[in-house]
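Numbering (the working numbering), first residue to last: 13 to 82.
Reading through the structure tokens given below for one structure.
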């Protein structure tokens, strides 16, 4: 999956971002580095595109797809 950019996210709906967020969580879990720079970058893209509420919505949907990491 290609990286999210400020241009690519403009063409997406919130639900379209969830798979990217799931991949990011998996990568952070593999490295043990939650809150990585990539995570911060994606969070900022989401907030800039929509809102903090959208970030929460996307995070909740992503974590629900990863019950083994709860």
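Here a beta-carbon is modelled for each residue, glycine too, at the ideal position from N, C-alpha and C.
Assignment of residue 75 by DSSP, reduced to helix, strand and coil, places it in the helix class. Closest by C-alpha distance to residue 69, out of 37, 47, 27, is 27. The three-state reading of DSSP puts residue 24 in coil, since its state is none of H, G, I, E or B.
For residue 58 against residue 29, the beta-carbon gap comes to about 6 angstroms, under 8 angstroms, which counts as contact. As the crow flies, the alpha-carbon of residue 76 is around 24 angstroms from that of residue 20.
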